[in-house]
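Taken in order, the sequence shown gives residues 1 to 72; the numbers are from our numbering. Glycine is no exception: its CB is placed at the ideal position from the N, C-alpha and C atoms. Data block below; observations after.
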Amino acid sequence: MSAMQQAVVALMVVLALLYVVWKYLPARWRQRLAARLGLSERMVQGGGCHDCHACDAPRAAPCTGAEKRSES
1 MSAMQQAVVA LMVVLALLYV VWKYLPARWR QRLAARLGLS ERMVQGGGCH
51 DCHACDAPRA APCTGAEKRS ES
């Protein structure tokens, strides 16, 4: 492998490691670190579902066979 290929692979491994560490840090630590680094609130969530309240909306009733037939 050339030196350039090794550098690219090393960069990818480091970025993957940083992602995993950020993802599994406790939320309090992520919030403090994000505040120090000036990151947005979205970055603090770490991909988790915490404060968007999307699950609070009522869900639609499941579609039955009769409803499918009447639409066509």
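Query, Result
"Measuring straight from C-alpha to C-alpha, what distance separates M26 and Q5?", "According to the sequence provided, residue 26 is Pro. The question's Met does not apply to it. Going by the C-alpha atoms only, they are around 34 Å apart."
"Taking the beta carbon of R32 as the centre, do at least 16 other beta carbons fall within 10 Å, making it buried, or is it exposed?", "exposed"
"Given this structure, state the Cα-to-Cα distance separating A18 from S2, to the nearest angstrom.", "Just to set this straight, residue 18 is Leu in the shown sequence, not Ala. Each residue's alpha carbon lies about 25 Å from the other."
"Assuming contact is defined by CB atoms lying nearer than 8 Å, are W22 and R30 in contact in what I supplied?", "yes"
"Between A10 and the rest of its own chain, which residues show a CB-CB distance below 7 Å, the 5 nearest in sequence each way excluded?", "none"
"Determine the direct distance from the alpha carbon of V14 to that of L39, and round the result to whole angstroms.", "19 Å"
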